[in-house]
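Novice:
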Amino acid sequence: MNIRLFVFLNIIFLVSSRVSGQVIYPSDHTRDYYEILVLKNPEISHPISIHPSIISQYQVDSTLSWNIWGDNFKLGVKSSEKKSFVWVDPYVNYNANTITPRGYNDGAIWSGKGSNMALTGGFQGKLGILHFSFVPIVTWSQNLSIDIPPNVTGTVKSPYSYPFNGRIDYVQQFGEGDYSQFNFGQSEVRLVYKKMTLGVSTENFKWGPSIWNPILMSNNAAGIPHIDIGTAIPIDTKIGKVEGKWYWGAAYESDYFDDNPENDRKYVTGISLGYEPSFAPGLSLGLNRLLYTRWADGDLAARDIFAVFSHNTFKDSLKNDEYDQMISVSIKYRFPEVGFECYIEYAKNDFHSNLTGWFEEFDRGRALNWGVMKLFDLDDKNVLKFGYEFTTLSANQNQILPSNVNPPYYVHSVVPNGYTNQGQIMGAGIGTGSNGSILKIDWYNPKGKLGVIYSRIRFNDDYFVNAYSQQPEPPYPADFEVSAGIDYVRYFNRFSVRPQIMWNYRKNWYYQDDVEVHNFHFGLQIHYLIKNSSISN
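Residue numbers (the working numbering): 27 to 563.
(1) If you reduce the DSSP assignment to three classes, tell me which class residue 98 lands in.
(2) The ligand FMN and residue 185: does any heavy atom of the ligand fall closer than 7 angstroms to the residue's C-beta?
(3) By the three-class DSSP mapping on this structure, what secondary structure does residue 518 have?
(4) Look at residue 572 and residue 76 and say whether their C-beta atoms are less than 8 angstroms apart.
(5) Excluding the 5 residues preceding and the 5 following residue 118 in the sequence, name in chain order all residues of the same chain whose CB lies nearer than 6 angstroms to its CB.
(6) Identify whether residue 124 lies in helix, strand or coil by the three-state DSSP scheme.
(7) Any idea which residues DSSP pairs residue 232 with across the strands?
(8) Counting pairs of beta carbons, one from the region 313-328 and one from the region 414-421, are three or more of them closer than 8 angstroms?
(9) Tell me which residues share the same chain as residue 178 and place their Cβ nearer than 7 angstroms to its Cβ, disregarding the 5 neighbours each side in the sequence.
(10) Between which two residues does the alpha helix (DSSP H) containing residue 487 stretch?
(11) For residue 55, which option in 516, 528, 532 has the closest C-alpha, if you only look at C-alpha atoms?
(12) What is the DSSP secondary structure of residue 142, reduced to helix, strand or coil?
(13) Taking the Cβ atom as the reference point for each residue, do residue 53 and residue 131 lie within a distance shorter than 8 angstroms?
(14) Do you know whose CA, among 369, 402, 409, lies nearest residue 395's CA?
(15) Determine the burial state of residue 159: buried for a count of at least 16 other Cβ atoms within 10 Å of its Cβ, exposed for fewer.
(16) Tell me where the beta strand (DSSP E) around residue 56 begins and ends.
(17) Can you tell me the Cα-Cα spacing of residue 348 and residue 278, whole angstroms?
(18) Please list the terminal residues of the continuous alpha helix (DSSP H) segment that includes residue 304.
(19) If you draw a straight line from the alpha carbon of residue 544 to that of residue 122, how long is it in whole angstroms?
(20) Do residue 564 and residue 260 have their C-beta atoms within less than 8 angstroms of each other?
(21) Assign residue 537 to one of three DSSP states: helix, strand, or coil.
(22) Quick one: what does DSSP say residue 333 is sitting in, helix, strand or coil?
(23) Can you tell me whether residue 327 is buried or exposed, with buried defined as 16 or more other CB within 10 angstroms of its CB?
(24) Around the Cβ of residue 558, are there at least 16 other Cβ atoms within 10 angstroms (buried) or fewer (exposed)?
(25) Using a 10 Å radius around the Cβ and a threshold of 16 neighbouring Cβ atoms, would you call residue 91 buried or exposed?
(26) Just checking my contact of residue 242 with residue 71 at CB under 8 angstroms: how many whole Å lie between their CB atoms?
(27) In this structure, what does DSSP give as the bridge partners for residue 314?
(28) With a threshold of 16 other CB atoms inside 10 Å of the CB of residue 507, please say whether the residue is buried or exposed.
(29) I'd like the ranges of any beta strand (DSSP E) spanning at least 3 consecutive residues and lying wholly in the region 402-485.
(30) How many whole angstroms separate the CB atoms of residue 80 and residue 247, which I take to be in contact at a CB cut-off of 8 angstroms?
(31) With DSSP as the reference, label residue 328 as helix, strand or coil.
(32) Could you give the DSSP three-state label for residue 116: helix, strand or coil?
(33) For the structure I just gave you, are there three or more beta carbon pairs, one from the region 199-207 and one from the region 289-297, closer than 8 angstroms?
(34) Taking 8 angstroms as the limit between beta carbons, can you name the residues of its chain near residue 458, skipping five residues before and five after?
(35) Where does residue 279 sit, in a helix, a strand or coil, going by DSSP?
(36) Three or more C-beta pairs closer than 8 angstroms, one from the region 494-514 and one from the region 468-481: is that the case here?
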């Protein structure tokens, strides 16, 4: 380590005091618990529609009315100190797949066939209005070989890329042999003044109320390097709470798509808004718009900074199609008194630039996501959580135009490698053209939780319908998967241990008639809980 940096960090540590700080890692069990905590404690300052992994700004008093995990999960303690430094709980994540790659909403981690490991940890702090987090992640995958069918699209691309669409960098296997990477993970440098912020970050963030399959921005891939400006936490106004952020970032192609260096980088820009009306307690509304395009040298002009406000990419037979664009609106309603919430997100892809076009082709390029969560208090220390979510991304679900006219999600003509970062989809993890649902039941107690999970996915119906709709006779091999498993968390001393096991049954794998796959997914996460890790003046 650079000696000046080492001395600087030690000076900060020696003058530090206790700070509000928390990182919620992608795929971590604390993410689900945080959702319960918000529903059970309406007084918490919580996100409305923008859900970052670094939640340091969401400071609350340690004396929550409900928190059965107590000191094992602290959102932080309010502090007026100008300087502070705290270590972030490190954790190791191990998982293994016996037959096929499988992993969703786990950020930079590649959960390939065989064994996979990730190690992360770091520190957070502040110097006046300057807030900083350094929480990188190192990953390794055994990356055993799988049988990927030949590319059927006619485009020249890597044999390790998704073979059923030529314009998406959707990696199925990261080459031959083991695969490792370093990623800055949940790291950022941020200025926070009152309730406004300007940051440079690589953190994961999701938009909208979805728990498992956010349509526009999720935790499924590594976080993109980006700049954002907006609210640090929701702002109270006479008409309710409002939040908003404007983003500019870059997403990158993997080494397993094509050999063209001109399309290795994408420009991503977007805006996310959230609103909780004062006249309708429990209601929250969200609006998200995102655009992305190829970013080679010389591709962008100054006006592209404002593209999220000025570009409409479906206009006059697609003459203004420099970007792929997506937009979504969401509604969420919380009923804390009965421990219930419900939500819905409606998204459009490459939509019309005028209101008439919206109503004329309301189903064109639409996606839908809805879900519910219900808590049942067994007693003061035991809670049963029921969660269900349904997602449809397929263009072939009762839409007005033919399926080959509807633009598929995360795939676009002007961006050869699609809506991905480092080979993984940045939106819903089930992937382009897919439909799925998930049911999860968890029993929470002071020592941890025990959960069961069931899910169903039908992969890329867009390709399936286009490829087989004109076939006069069977077979019609739709690629689908059903999964069931157990998720367990146990706290003891300064550790949390989370073993998982999932059985995945996939039929017609890669649209191969009667090809059945029984994959077993094993997982183990171990956190070390750092307590009283900072030193007061």
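Ideal Cβ placement from N, Cα and C applies to all residues, glycine included.
Specialist: Judging by the given coordinates:
(1) helix
(2) This structure simply doesn't include the ligand FMN, nor any ligand for that matter.
(3) strand
(4) What the structure shows of the chain is the stretch from 27 to 563, and residue 572 is not part of that stretch, so it cannot be assessed.
(5) 145, 552
(6) coil
(7) 77
(8) no
(9) 189, 190
(10) 487-494
(11) 516
(12) strand
(13) yes
(14) 369
(15) buried
(16) Looking at the DSSP string, residue 56 is not in any beta strand (DSSP E); the run it does join, the alpha helix (DSSP H), is 55-66.
(17) 18 angstroms
(18) Note, residue 304: premise wrong, no alpha helix (DSSP H); not H, not E.
(19) 14 angstroms
(20) Since the displayed the chain opens at 27 and closes at 563, residue 564 lies outside it and no answer follows.
(21) helix
(22) helix
(23) exposed
(24) Confidence at residue 558 is low in this model, with a pLDDT of 45, below 50, so its placement is unreliable and no value can be given for it.
(25) exposed
(26) Not really, about 24 angstroms apart at Cβ, beyond 8 angstroms.
(27) 298, 354
(28) buried
(29) 408-418, 461-471, 474-484
(30) Rounded, the Cβ-Cβ distance is 17 angstroms, inconsistent with contact.
(31) helix
(32) strand
(33) no
(34) 191, 194, 196, 419, 434, 435, 436, 437, 444, 451, 486, 488
(35) coil
(36) yes
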